[in-house]
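K.L.:
Chains as they are written, first to last, in this note's numbering: chain A, 1 to 304; chain B, 305 to 868; chain C, 869 to 1184.
Yeah, the Cβ is synthetic: ideal placement off N, Cα and C, and Gly gets one too.
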Amino acid sequence: MANVKSTSTGEVRSNNLPDKIFGAAVLILSILIFIIIVYPLWFVVIASISNSNLVNQGAVTFWPKDVRFYGYQQILDDTRIWKGYLNTIIYVVAGTLLNMAVTMPAAYALSRKNFKARNKVMMYFVFTMYFSGGLVPLYMTISSLNLISTKTILIIFVAVNTYNLIVARTFIANSIPEDLYEAAVLDGCSHFNYFAKVVMPLSKAVISVLILYYGVFHWNDFFNALMFNSNADNAPLQIVLREILLLNQAFASGNGGVQGGYGQSSADQVKYAIIIVSTLPILCVYPFVQKYFEKGVMIGAVKG
Amino acid sequence: MKKKLLAALLSTAMVASMLAGCGNSSAPADSGNQPAADSAASSDSGDAADNSGDQAAASNGEVVKLKALACLHSLTQDVDDMEYVAEMEAEAGVEIEWELIRADWDTIKSTRFASGDIPDILISATNNADYMMYDGLFLNMADYINEDLTPNIVQLFNEEPDCKALVTQMDGRIFCVPKFQGKWPKTNTVVFINQEWLNNLNLEMPTTFSELKDVLIAFKEQDANGNGDPNDEIPLDFNGWHGSAYGLLNWLGALGIQLTNWAYDGYFAEDSTIKNYAIDERYKLFMKYVADLYSNGVINSNAVTNDYSMFQSLSRGNEAGDALVGVVAGWEETDKFGPTLHSQYVPLPALEYDIDCEPGTYDVRWRDDYTGLNISSDRAVVSAKCSNPEAAMRFIDRFYDQTHSVEALFGGITDGNLEKTGDNSYKVLPPQDPDTDPGTWKWTSTFADNAPMYIRRASEVEMSEDMTYALEERKVYDEVLAKADKTDTYPQMFMKYSQEDQNTMALAQANINNIINNQWSLWMTGEADIDSTWDSYVQSVKDAGLDQVLEIRQKAFDEYLANN
Amino acid sequence: MGKNSESAGNKSLSFRFKKYLEHNWQLWVMLLPAVVYIFIFCYIPMYGVQLAFREYSFSTGITGGKWVGMKYFQQYFTSNMFWPTLRNTFVISFTSIVVGFPAPIILAMIINQLRNKKWKRVVQTTVYIPYFISVVVMVSMINVLFQNNSGVIANLLKSIGLVAQDVNILGSAKTFVPLYVLTGVWQGMGWNSIIYIAALSSVDTQLYDACKIDGANRWQIMWHIDFPAILPTIMILLIMNMGNVLSVGFDKVFLMQNPLNLGVSQVISTYVYSVGIRSSQFSFGTAVGLFNTLVNFIFLILTNWISKKVTGTGLM
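1) What's the call for Thr1043 (chain C), buried or exposed, on a 16-neighbour Cβ count within 10 Å?
2) Kindly indicate if chain A contains any beta-carbon less than 9 Å away from that of Phe1165 (chain C).
3) Under a three-way DSSP split, which group does Arg669 (chain B) fall into?
4) Between which residues of its own chain and Met1090 (chain C) is the CB-CB distance below 7 Å, once the five residues before and five after are set aside?
5) Going by alpha carbons, who is nearest to Asn193 (chain A) out of A:Ala205, A:Lys204 and A:Leu180?
6) Let me know if Cys326 (chain B) comes out buried or exposed under the rule of 16 or more other beta-carbons within 10 Å of its beta-carbon.
7) Distance, Cα to Cα, Ala786 (chain B) vs Arg669 (chain B)?
8) Please state if the CB of Ala1066 (chain C) and the CB of Ala205 (chain A) are separated by a distance shorter than 9 Å.
9) Please check the pair Trp63 (chain A) and Ile46 (chain A), which I expect to be a contact at CB under 8 Å, by giving their CB distance rounded to whole angstroms.
10) Put Ala684 (chain B) into one of helix, strand or coil per three-state DSSP.
11) Using a Cβ cut-off of 7 Å, pull out every chain C residue sitting near Leu441 (chain B), in sequence order please.
12) Can you tell me whether Glu804 (chain B) sits near the ligand GDP, meaning its C-beta is under 8 Å from at least one heavy atom of the ligand?
13) Taking Val1053 (chain C) as the query, report the chain B residues whose CB atoms sit under 9 Å from its CB, ordered along the chain.
14) Along chain A, which residues have their Cβ under 9 Å away from the Cβ of Ser687 (chain B)?
15) Are any of the Cβ atoms in chain A nearer than 9 Å to that of Ala607 (chain B)?
16) Return the Cβ separation of Asp424 (chain B) and Asp639 (chain B) in integer angstroms, given the expectation that the two are a contact with Cβ distance under 8 Å.
17) Are at least three pairs of beta-carbons, each pair with one atom in the region 747-761 of chain B and one in the region 795-808 of chain B, less than 8 Å apart?
18) For chain B, check one thing: does any of its Cβ atoms lie closer than 9 Å to the Cβ of Pro1046 (chain C)?
19) Buried or exposed for Phe699 (chain B), going by 16 or more other Cβ atoms inside 10 Å?
20) Using C-beta distances below 7 Å, list every residue in its chain close to Glu464 (chain B), excluding the 5 sequence neighbours before and after it, in chain order.
21) Interface residues of chain C around Leu41 (chain A) at Cβ under 9 Å?
22) Just the chain A side, please: which residues come within less than 7 Å of Ala418 (chain B) by C-beta, in chain order?
23) Lys887 (chain C) by DSSP, collapsed to three states: which one?
24) Count the other C-beta atoms from every protein chain shown that fall within 10 angstroms of the C-beta of Gly830 (chain B), then say buried if there are 16 or more, exposed otherwise.
25) On the DSSP bridge assignment, give the partners of Glu574 (chain B) in chain order.
26) For the region 67-142 of chain A, list the alpha helix (DSSP H) runs that are entirely contained and at least 4 residues long, ordered along the chain.
27) Check the C-beta distance from Ser514 (chain B) over to Ile659 (chain B) and give it rounded, since I have them as a contact under 8 Å.
28) Could you check where the beta strand (DSSP E) with Ser729 (chain B) kicks off and where it finishes?
29) Looking at Val967 (chain C) and Leu1050 (chain C), is the spacing between their C-beta atoms short of 9 Å?
30) Which class does Ala374 (chain B) belong to by DSSP, given the choice of helix, strand or coil?
31) Taking any Cβ of chain C, which residues in the region 207-218 of chain A have a Cβ under 9 Å from it, in chain order?
32) Nearest-angstrom Cα distance between Asp1072 (chain C) and Gln894 (chain C)?
33) On a Cα-Cα basis, can you pick out the residue from B:Phe523, B:Leu850 and B:Tyr674 that is closest to Asn604 (chain B)?
34) Using a beta-carbon distance cut-off of less than 7 Å, what residues from the region 68-101 of chain A approach chain C?
35) Tell me whether the region 666-686 of chain B and the region 487-500 of chain B touch, counting them as touching only if at least three CB pairs, one residue from each stretch, are closer than 8 Å.
36) From the DSSP output, in three-state form, read off Tyr448 (chain B) for me.
Here you go:
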């Protein structure tokens, strides 16, 4: 070990030719991907502040034209939006906490190789990814629990997502060395203790992924709120935005009576502005999650 | 996560749902089809005294609490803010808690209906298929429509028998009340041509297909809008095809095909026979003409793929304010071309077909949308579980009051949107928000076209400027429109089908549409040759079940003609 | 003798059960909330499936409609739209998997190899943003950017010769699948790479050092250490993807449909929608949905089995 120069993150610097070519190739590829990803995003930004007629005609390409902020004004002038933000934050925070509390222990249990029933239990979960009774029986079940149009249902719905459960299980099974468990058992450690003291701290990366997955699910959830809630006081951000969007499309449509000529040149802005208004907050959260993806978070543990 | 969401969406589309055991198969409310007035009293199990009409209930001071759901336009304000609705509630002696749906009702509807979870009254929230599908969920109104309880609805049914026919099921039951808004024009569509371009190029207004072709080619080859760029003109633009208001099929009338109410799925009547133009030889001729125009480069090559918003944008001109489109269909010129460009455009009268034949070979027609624009069913329904159906019906009837009807469409008098200028005449006031155009204001301030209403033919309504324009522009089609008679007018909404026929048609039509919605575009763009593919195309449409559909439709149309 | 061994057997059985509980009761407790939740919200409503075999009737409920057996399945199988929709659905989803599945893995590997910390972070935070663009806006953007003559991207592709000059990208049966799939990759690549990036972060860095001593170059290290480390995750996700072969999302296809591409863009879900829009066909929809599910499930089980044989990783 001593004769290898190792950086703090464990990466080894080298200067041979193949590595240089490799490094250059990776860099060029990343730049290319970056451009491909960024241009359409930039387009969303300029489309949200340009004259929509020009956008639709393809006249807006790299810079905004006939700049106006009608779209943002329409969204931010709507008082419902703040209530929507608040509701959504409640659903995201409470919902994600519940998700994690249900998913992680279950994922741990299913990751234990000597837990004989695990394949059958897994089947029990996987089956529901494919077979469902449809919306009406689900609605009636929720209705019989008196949860229709409550905040509760929007928090507890999809308390555990099988896909995420499997992701977590796979991670725990594959990246936490079995030796750790054996050592812990020798020390007389119970499953509860081992889960809390060893598995959770070592699973920071997957925990952040799941928080992101679940959090974004709650953030974006439109369909469940639409189906299971009809109380405007509980409406999350996505529902409010949807209504603002439709409202503005109404300005733009001229179908046999809605002669909304005046909104036409700006109405489509709302479409693009909504993406920005609803995405920015999530973007701000990402860097905090991202730091758990850094290499080396596992090092100490593995040595221990 | 995304998958779960998609799966959920998918399941709406597919499963859209199933049933609810809600087991509310309570006593079947339909006591048959005896005249409503007779049966009403007997079917009121409870308070028979309540039968004496609205004044009595109101003066009793007993306010009936009801829940209602209304599907409104996304612009429409809260119903609680509409003064005239509060007045109607007071007159009917009810107090209503409103649930307003402005978006995605189609997604939610089947689940709520199948679960039996509906309020007492639903406004503009149902369609004809629902009554058969959820048999037992809605009240049979036939028992409650009578002179005492619902005098205005009775008046509507007497004066506009089409409206009664529209909502009466084959077995005589009535689940919904319709609207009659009378003042809307006879056709949805006006084709506009840019008069300034004609002037710039010294061209005459075209009257035939071949003249139109020449004009369009001139628009294309020369700098018609005079901005120095001879290539930025789009001579002809359109949006959608079968059943579209702003497609090119308006001109099928030139070949003697009388379309009615947007001619959904291509069906029309000719000498009392139901046909589908999509397999008619005249459609073949028409498609050849369109393909010829397309190959000459005069049709917008993006028209097939543009969505409605892009279609509208193009007609608003470019950055410098130059008009870009020569000929295009629309509802009304200011709506279509915006506040400045609209003055360049004039209506293009119906054209004659003269390709390889003399003008006058075919009897020229124009699409007649009068019933489609003025009459709709499903304005209001009542839940079968409603504890006080009399009160609900009494309230619904208020919408059909002469003045309330005009208020429902254009805005309330006490709200400051309408003025009563005489016993029978009204004036629509300008928008209270000066930044808003009259059309938008109407949708903002009231139920507008979603309302249950009966605008009497005798009522005079002085409408806003844009509506006046809309009526004025259509005068060029009046003469042609007058040619349609009973045997070649086919308003599909009046036809009655059994549930089984309905299902057969739904399945067959999905298969037929998959062919006809695709093929025209291949012909137009030249990807498929019309002559060589026509026969196999017709055969495949027939194989998909067209003959069966025509037979079912013919039967219903015969009955309709016999009854009218 | 026989009696003895029997009682010994019983004893050992109950003993073993006790022992089992002693070892495992905590695991069961940890599973309990998830199991209960799934039971209430997934298994209880499952009685709705029988609608595929029944005629829907509101007054009698899901369980009360007339039993019609395979009627609705037959209606679909014998329809002239059965093969076209099945084929279109398969083509779209297989292409999506073939192109779309490796993309996030490659992206994660690339990001993982970037040495400049700042640039790495910039790339990482940018690539996942497209995921938040709603389908409606996504399709609007496609319509504008790929528009014939005026679309920026369409013109770019034509000028570098990737697409022939006379092709209308939006209105062609040939370009629909590539357009659908590639825009899907654009949107999902970054988001889907997150899980791989997380998995890569758990690679034991001592392994890198060991490899270095053996004189391996970066490509070899990536191939022999990084890749095997995320292989279980890859396999699990592949299995789950294969379990979705017949589930082409409704919204995007529906919005991207136009008359010119209808021949390749009519998929099972849009077809069921077009039947249902005319008269709500609950039973037909449920039957087609069930058929979908069965095919999906078969693919899942097959891939799971193959994966277990080949890589030793499997869902169950």
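P.N.:
Answer, in terms of the structure:
1) Buried is the call here.
2) Chain A contact via Cβ: present.
3) coil
4) Cβ neighbours of Met1090 (chain C) beyond the five flanking positions: Met977 and Gln981.
5) A:Leu180
6) Residue placement at Cys326 (chain B) cannot be trusted, given a pLDDT of 32 that sits under 50; what the coordinates show is reported in the next sentence. It is buried - the Cβ of Cys326 (chain B) has at least 16 other Cβ atoms within 10 Å.
7) 9 Å
8) yes
9) 7 Å
10) strand
11) Under the 7 Å cutoff, chain C gives Phe926.
12) The ligand GDP is absent from the structure shown, which contains no ligands of any kind.
13) Neighbours of Val1053 (chain C) on chain B: none; closest Cβ ~14 Å, over 9 Å.
14) The contact set of Ser687 (chain B) on chain A, defined by CB atoms closer than 9 Å, is empty, because the minimum CB distance reaches about 16 Å.
15) Contacts with chain A at 9 Å (Cβ-Cβ) do not include Ala607 (chain B).
16) With a Cβ gap of about 37 Å, Asp424 (chain B) and Asp639 (chain B) do not count as contacting.
17) no
18) So, not an interface residue.
19) buried
20) Phe484
21) Thr994, Ile997, Pro998 and Ile1001
22) For the C-beta of Ala418 (chain B), the chain A residues within less than 7 Å are, from N- to C-terminus, Val136.
23) helix
24) exposed
25) B:Thr577
26) Fully enclosed alpha helix (DSSP H) runs of 4 or longer: 70-77, 80-111 and 118-130.
27) For Ser514 (chain B) against Ile659 (chain B), the beta-carbon gap comes to about 6 Å, under 8 Å, which counts as contact.
28) Ser729 to Val732
29) In this structure, Leu1050 (chain C) sits near Val967 (chain C), with a CB-CB distance shorter than 9 Å.
30) strand
31) Ser208, Val209, Leu212, Tyr213 and Val216
32) Asp1072 (chain C) and Gln894 (chain C): Cα-Cα distance of roughly 30 Å.
33) B:Phe523
34) Contact residues of the region 68-101 of chain A toward chain C are absent (C-beta to C-beta distance below 7 Å).
35) yes
36) coil
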